[in-house]
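To keep things clear, I will list the structure first and then write my remarks on it.
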Amino acid sequence: MFSAFDFDVIQRALPYLWQGMTTTLWLTLLAMVGGIVLGTLLALMRLSSIKIISVPAGIYVNLLRATPLILVIFWFYFLVPIAVKHISGDSYAQGIGPFYSALIAFTLFEAAYYCEIIRAGIQSVPAGQVNAGYALGLTYQQTTRLVVLPQAFRNMVPILLTQGIILFQDTSLVYVVGLTDFMGAASKVAQRDGRLVEMYLFAALIYFILCFLASYVVRRLQLRITPPR
Amino acid sequence: MAMIEFKNVSKWYGSFQVLKDCTTQVEKGEVIVVCGPSGSGKSTLIKCVNGLEPFQSGSLIVNGQSVGDKATNLPQLRAKIGMVFQNFELFPHMNVTANLNLAQVKVLGRGVEEATAKSHALLRRVGLIDHAQKFPGQLSGGQQQRVSIARALAMDPIAMLFDEPTSALDPEMINEVLDVMVELAQEGMTMMCVTHEMGFARKVAHRVIFMDRGEIVEDATKNDFFGTPRSERAQQFLSKILHH
Amino acid sequence: MDFGFLTQPAFSGGGTYLDWVISGVKWTLLVSLCAWVIAFTIGSVLGVMRTTRVAWLYGPATAYVELFRNIPLLVHMFIWYFVVPEIVPNTLGTWMKQGMPMPEFWSAVLALGFYTASRVAEQVRSGIQSIPRGQTHAALATGLTMPQVYRHLLLPMGYRIVIPPLTSEFLTIFKNSSVALTIGVLELTAQARTISEYTFRTFEIFTLATVVYVLITMAVVVVMQLLERRVQVPGYIGTGK
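Protein chains in written order, with our numbering: chain A, -17 to 211; chain B, -14 to 229; chain C, 2 to 242.
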């Protein structure tokens, strides 16, 4: 059965696949950083006692968390060019390309998930810590920035990274708008050369190795942060 | 033959030795109090009796059966030895009666009616018959611990193990639990109790075992132990515990 | 926004565009629910296996979880749809390609089901492991055997604990069912995209699809809250103790 396999096809496609992988990695990294920054902002908004701040953030987060990622990607693929035309005032403006559309979609989508992780992290810091900050004369901003967030992020690092691994897997969905990430590259070679079995199994193997190693590192990190009892 | 007989029992967690050559015995009808500083291995010692904690060397015979032996039917042995835990460990998703019935039905094979009758009789005895249909989470700590004693007694045990039964309780609830234990002791139940309640020890214990760093440092009759403890460590421990 | 186009006759198939949307919802629900049956059953078994100390039980279960959750769902879809028929014995492979009804649908169900099983397994495992060890000790001390401890204590308590995380897995399976469009299942997201291509009413049709997903989410959350309340343990989980 395996004699029918052609592993040369993989070797010949390697440079192209690597190109796709760099797209995947950039997309993951940028969306992760953007998602965490925006997610922190959303989390602070959701925890605000002022309704006109907390309610819109809550609606945004719940709306995105209820919508499939693919639909969100379609949404932004459709909306971003319109927004670009609107902002530039030039109705003939070119789009900013599928990569940036996808990047915006992933950042805004992941922000909703990061928001919930960070909100839980902030809430896990005991209220006594906040009171102690106030008692020392720190303001709300100072207490948040100097006392709460550092502790929260320290506890959250493993979960934030785990979400990053999920994001890495999710970026494969840019396939639906034809962007050539790693999976896009693998599937283009697969279709072109008629080598679906080899290419898809190879893609699975690469994803598995990278995600397995990354989650192993995260687990080690987690043990260092919270020693087992 | 003694009901419980430890011979040179040793246990390690990795390279850390938690029990060092422990040798002692409990006769039928005897009440033994095990005390010592925290981390001295006393809880581990009594959990060896019903095989909840495995040990690596030595021998431990309970009711004529070797606990460390692979051939020993542990569930059968455990059914005969009652145990009461520091944190009660009632099953939160079952009401009080169901907690008492579970092992009677599943292990002893009693019918539900017979088990319920037995359970209710025991609940009456510990003064909690009015709470028979409540869930553990709706009871106070003292009430939960009395239920858990009743749960152990429902199996008609030949001996009872107590693992710090009062140390998770608020002070005002300690006595309601100790009263039940004293009554049991006076009825002649064989008991091995890890506790710091020296009043209880003075009242009903036959012997006191003092442990420190995994060793049985002192194993004496009640009068000897409280009169003239031989080891310095036991003296220090007693003076700390009695002075507050 | 003008939703008038929904009642217009569709490009093909004889119905209206609204019929396309309804058919999309039907396939979304079908794929998700069928996949959930697989995910819940296999995930539960694997999760329990991972909590045991028996090497031939937790070993394979751990391997499964690691293998399935470290490969993106899209790749699972492609493997079930394109690869599996090629590498199974010939007669079976030929049948899968030519004789099997609705190959896209079943590939999607298997891919989504087996993938989600690895996530369900992790939730079940952590639910059971969050029960204090003292509880197991207490049950063993009364003479129950380990299987009995699972049957009467760890499973009933564990499943109550995992209702909230399982709810979120259940919601995820509805959202993830949209990945089935990559192998040609015409579920809700696929229909929305197709309709937008035919009518150019992209904004309206995407809004409608998003609203449907939000409604599904809300319905699931309400049902699971009812379930949670029904099996609630007095004095414990969720009663503010």
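Note that beta-carbon positions come from the ideal geometry of N, C-alpha and C, so glycine has one too.
Going along chain F in order, which residues have a C-beta closer than 7 Å to the C-beta of Ala186 of chain A? Chain labels in this structure do not include chain F; the protein chains are A, B and C.
Let me know the secondary structure DSSP gives Ile132 of chain C once reduced to three states. The three-state secondary structure of Ile132 of chain C, taken from DSSP, is coil.
Determine which residues share a DSSP beta bridge with Tyr(-2) of chain B and list them. Its beta-bridge partners are B:Phe1.
Quick check on this structure: which residue in B:Ser125, B:Pro60, B:Ser133 and B:Arg136 has the alpha carbon closest to the alpha carbon of Pro156 of chain B? B:Ser125
Contact check, Met140 of chain B vs Gly144 of chain C, beta carbons under 9 Å: Their beta carbons are under 9 Å apart, which means Met140 of chain B touches Gly144 of chain C by this criterion.
Does any CB atom of chain A fall closer than 9 Å to the CB of Leu172 of chain C? For Leu172 of chain C, at least one C-beta of chain A is nearer than 9 Å to its own C-beta.
Per DSSP, what kind of secondary structure is Asn(-7) of chain B in: helix, strand or coil? strand
Can you list the residues of chain C that Leu163 of chain B reaches, using a CB-CB cut of under 9 Å? Chain C residues near Leu163 of chain B: none, gap ~20 Å exceeds 9 Å.
Among residues of its own chain, excluding the 5 on either side of Arg126 of chain C, which ones have a beta-carbon nearer than 6 Å to its beta-carbon? Gly48, Arg51 and Thr52
Given this structure, state the Cα-to-Cα distance separating Met166 of chain B from Asn84 of chain B, to the nearest angstrom. 20 Å
Between Met165 of chain A and chain C, is the shortest Cβ-Cβ distance under 9 Å, so that the two count as touching? yes
Does the pairing of the stretch 97 to 116 of chain B with the stretch 125 to 136 of chain B give three or more beta-carbon distances under 8 Å? yes
Would DSSP call Ala205 of chain B helix, strand or coil? Judged by DSSP in its simplified three-state form, Ala205 of chain B adopts strand.
Taking CB distances under 9 Å as the criterion, tell me whether Gln149 of chain C reaches chain B. yes
Of the choices C:Trp28, C:Ala193, C:Gly14 and C:Met225, whose alpha-carbon is the least far from that of Met103 of chain C? C:Trp28
Any Cβ of chain B within less than 9 Å of the Cβ of Arg161 of chain C? yes
Roughly how far, in whole angstroms, is the beta-carbon of Tyr116 of chain C from the beta-carbon of Leu167 of chain C, given that I think they are within contact range, below 8 Å? Between Tyr116 of chain C and Leu167 of chain C a beta carbon distance of about 15 Å is seen, past the 8 Å cut, so the two are scored as non-contacting.
What first and last residue would you give for the alpha helix (DSSP H) that runs through Ala94 of chain A? Per DSSP, Ala94 of chain A belongs to the alpha helix (DSSP H) from Gly79 to Gln105.
Just mark Gly26 of chain B as buried or exposed, buried being the case when its beta carbon has 16 or more other beta carbons within 10 Å. buried
Take Val19 of chain B as the anchor and find which of B:Gln171, B:Pro150 and B:Ile159 has the nearest alpha-carbon. B:Pro150
Give the range of the beta strand (DSSP E) segment to which Val62 of chain A is assigned. Looking at the DSSP string, Val62 of chain A is not in any beta strand (DSSP E); the run it does join, the alpha helix (DSSP H), is Leu51 to Ser70.
Please confirm whether Pro50 of chain A has its beta-carbon closer than 9 Å to some beta-carbon of chain C. yes
Can you name, in chain order, every residue of its own chain whose Cβ lies under 6 Å from the Cβ of Met196 of chain B, other than the five neighbours on each side? Answer for Met196 of chain B: Gly21, Ser25, Gly26 and Lys27, listed in chain order.
Considering only their Cβ atoms, is the gap separating Tyr59 of chain A from Ala25 of chain A smaller than 9 Å? no
Interface residues of the stretch 70 to 85 of chain B facing chain C [CB-CB below 7 Å]: Phe70, Asn72, Glu74, Phe76, Pro77 and His78
Grab me the residues of Val66 of chain C's own chain with a C-beta within less than 8 Å of its C-beta, minus the 5 sequence neighbours each way, in chain order. Result list for Val66 of chain C: Leu47, Arg51, Ser119, Ala122 and Glu123, in chain order.
Where Gln171 of chain B falls: helix, strand or coil (DSSP): helix
Counting pairs of beta carbons, one from the stretch 146 to 161 of chain C and one from the stretch 71 to 91 of chain C, are three or more of them closer than 8 Å? no
Does the beta carbon of Gly26 of chain B come closer than 9 Å to any beta carbon on chain C? no
Beta carbon proximity, Gln145 of chain A to chain C, threshold 9 Å: no
Verify the CB distance criterion: does Arg54 of chain C have a CB-CB separation below 9 Å to chain A? no
Is the Cβ of Ser133 of chain B closer than 9 Å to any Cβ of chain C? Residue contact check for Ser133 of chain B against chain C: a CB pair falls below 9 Å.
Quick check: is the beta carbon of Leu145 of chain C nearer than 9 Å to any beta carbon in chain B? yes
State whether the stretch 169 to 188 of chain A contacts the stretch 75 to 93 of chain C, with contact taken as three or more CB pairs (one from each stretch) at a distance under 8 Å. yes
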